[in-house]
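Comments concern the structure below.
In the numbering used here, the protein residues as written are 1359 to 1597.
In structure tokens, the structure reads:
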């Protein structure tokens, strides 16, 4: 079984989860032993980023409309046509949050990882020791967020008996030792404290990287359900 865990940086700007690269993953989850997993932390961050983006663009629209009024008068007969209803960010963000939860809950083989139970002391100790994902070069907020996600992943590994676990994040380098080309010592130490018998864990920096590595295996799993001659078209659509 494949468990594909997605970071928010893989989905941000794909607000409606309909871009081809993600749609391919959803399609594979229908026909292959593959679960798509989103930590609850990631869902909350996506909603926050959506709100930030919407608010930023709404304010730009409002500012532009005010500027346009300098060029419009009722005497021209078009002034009344330029109007803005004034959407409120809080209303739109609430609607988007409802949409997002409804969307993911109706996808096949989709799982939401709940927030982990972490002692404040453990967080502070790890941060002070600058253990991954807390780094001197990273802000405390970013390190805290990444640690919440990483702890959720470790909880999933502990609760699972077997499987291939894939974490896809654009920040892959934060978890790797560049010189060794392997998971860094802190991550390896965390995994050593978990029973990893019959389990594998890998990190990719993109969905494309995951597809490149496991395409042949996934095609075999899909088998007769998706004919092989149709699968390349699915791959091409995602590029």
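Quick reminder that beta carbons are idealized off the backbone N, C-alpha and C, glycines included.
Keep in mind it's a predicted model, so treat the numbers as computed, not measured.
Consult DSSP for residue i and reduce its assignment to one of helix, strand or coil.
i, result
"residue 1390", "coil"
"residue 1378", "helix"
"residue 1365", "coil"
"residue 1502", "helix"
"residue 1457", "helix"
"residue 1360", "strand"
For the beta strand (DSSP E) that residue i lies in, which residues bound it at each end?
i, result
"residue 1521", "1521-1526"
"residue 1469", "1468-1471"
"residue 1561", "1557-1562"
Closer than 8 Å by C-beta to residue i: which residues in its own chain qualify, once you throw out the five before and the five after it? Chain order, please.
i, result
"residue 1400", "1364, 1365, 1366, 1369 and 1507"
"residue 1374", "1457 and 1461"
Using only alpha-carbon positions, find the residue among the options that is nearest to residue i.
i, options, result
"residue 1473", "1510, 1557 and 1483", "1510"
"residue 1394", "1577, 1558, 1540 and 1525", "1525"
"residue 1573", "1374, 1373 and 1383", "1383"
"residue 1532", "1458, 1490 and 1429", "1490"
"residue 1578", "1403, 1413, 1390 and 1423", "1390"
"residue 1405", "1372, 1548 and 1576", "1372"
"residue 1513", "1475, 1387 and 1550", "1475"
"residue 1381", "1411, 1504, 1545 and 1468", "1468"
"residue 1540", "1562, 1407, 1478 and 1412", "1562"
"residue 1529", "1504, 1453 and 1537", "1504"
"residue 1567", "1527, 1549 and 1483", "1527"
"residue 1454", "1429, 1407, 1488 and 1470", "1407"
What are the boundary residues of the alpha helix (DSSP H) that includes residue i?
i, result
"residue 1412", "1398-1426"
"residue 1479", "1478-1486"
"residue 1370", "Here residue 1370 belongs to no alpha helix (DSSP H), and DSSP marks it neither H nor E."
"residue 1545", "1543-1550"
Tell me which residues share the same chain as residue i and place their Cβ nearer than 6 Å to its Cβ, disregarding the 5 neighbours each side in the sequence.
i, result
"residue 1485", "1492"
"residue 1448", "none"
"residue 1587", "With a pLDDT of 47 at residue 1587, under the threshold of 50, the modelled position of this residue cannot be trusted, and the question is left open."
Whose C-beta lies closer than 7 Å to the C-beta of residue i among residues of the same chain, with five residues either side of it excluded?
i, result
"residue 1376", "none"
* Quick one: any contact between the segment 1554-1574 and the segment 1515-1524, if contact means 3 or more CB pairs under 8 Å? -> yes
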